[in-house]
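Single-structure report; data block below.
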Amino acid sequence: MAARERDDTGGQDVLRRAGDASVLILTSLADGSKHGYALIQDIRGFAGLQLGPGTLYGALDRLERLGLIEALPAEDRRQPYRITAAGVVALRDHLDSIERVSSVGRLRLGLGGI
Amino acid sequence: MPGPRSMRLVESALRCYPQRWRSRHGDEAAEIASMLIRDGTPAHSVAWSYLIGAARMRLVIEPRRRLGAAVGALLLAGSLGVPVALLSTSAPANAASVAHSRTAHPHSAHPRNGDSRPADPRYAGGRGAPDGCDQHDHC
C-alpha cells in the first residue's frame, strides 16, 4: 500500500503505469502550457506519431488525477494544461530511467554506451 | 471544413462519454475532431479513437460509482433488517444465483438440497459462465 501511495504522488514508476501517451504529453508540456490540438501537433512533430484524440483525453484525465498536470482557465472552447512540479519530477525520473536502459542496450548491442 | 456526415459520426462517438466528461470536454473534443479531419485524418479513425476512449472511461471510472451504489444498497439492506451474516457470507448469494443453473451443474450446492458445501464459484454465474460475467449487465 505504501508503494502504491508513493507511486500516486509522483514516484519513479508513476509514468510507467500511466503509459507512453502520458510521457509524450508531459514531454510536450515541459516547454509550456498547451491545449489538446496543440499537444497532438507538437507530439506529431517531435515523436513522429499521431496521438488519437480519445487516447489524448484518457491520458490527460489520468495525468490530472495523478497531479502531474493541471488545467488552466479555458480559452474559448480550448482547455490548456500545464505540467506541475510533481509532473516535472516524474518526467525527469522517467527519462533518467529510460536513459539508463538505453545506455545498457546500446552497450550490449556494441553501439557504444555513454 | 469536414462534412456533416463525418461530424455526425464523431458526435455519435462523443455521446458515448459520460455526461460529466461531455460537459467539460465535449465542445473542445468536437473542435479537435474537426481540425484533425480537416488536416486529413479519416473521420472514422477519429470517431473510433473517441469510442475506445469512452469505453475505457466507462470501464475505469464508472465502476467506482457502481461500488458506491453497492455500498449504498448494502446499507439500505442493513437498515431494512437483512441479517449481517447473510450479507457477509458468500454461500447464500452463490446458492441464489445457482438456482437458475441447477441443470447446468448438478453438483452445485443449494441450501434447499440440504447441501451445506459452498457453491462452486466457477458456476456462480446464473448461466454457468465461468468468469461470472453475467454479473455485469453492461457487457
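Chain order of the listed sequences is A and B. Taking the working numbering, the leading residue of the first sequence gets 8, the next gets one more, and so forth. Taking the working numbering, the leading residue of the second sequence gets 1182, the next gets one more, and so forth. Glycine included, each C-beta is placed from N, C-alpha and C at the ideal position. As the structure is a prediction and not an experimental result, all values here were calculated from the model.
query, result
"Exposed unless 16 or more other CB atoms sit within 10 angstroms - verdict on R69(A)", "buried"
"Residue-chain proximity (S1187(B), chain A), Cβ-Cβ < 9 Å", "no"
"Under 7 Å (Cβ pairs) to chain B, residues found in the segment 61-72 of chain A", "G61, T62, Y64 and G65"
"Distance between beta carbons of S29(A) and D49(A), contact taken as under 8 Å", "In fact, because the Cβ distance is near 15 Å, the residues do not count as touching under 8 Å."
"Status (buried if at least 16 other CB within 10 Å, exposed otherwise) for A66(A)", "buried"
"Close Cβ partners of V1227(B) (< 7 Å) along its chain, the five nearest in sequence each way excluded", "V1191, A1214, L1217 and I1218"
"C-beta atoms of G61(A) and A1235(B) nearer than 9 Å", "yes"
"Inter-residue CB distance, G74(A) and T91(A) (contact presumed, cutoff 8 Å)", "6 Å"
"Coarse secondary structure for Y1231(B), derived from DSSP in three states", "helix"
"Min CB distance R1239(B) to chain A below 9 Å", "no"
"8 Å CB neighbourhood of I47(A) in its chain, flanking five on each side removed", "Q57, L58, P60 and L63"
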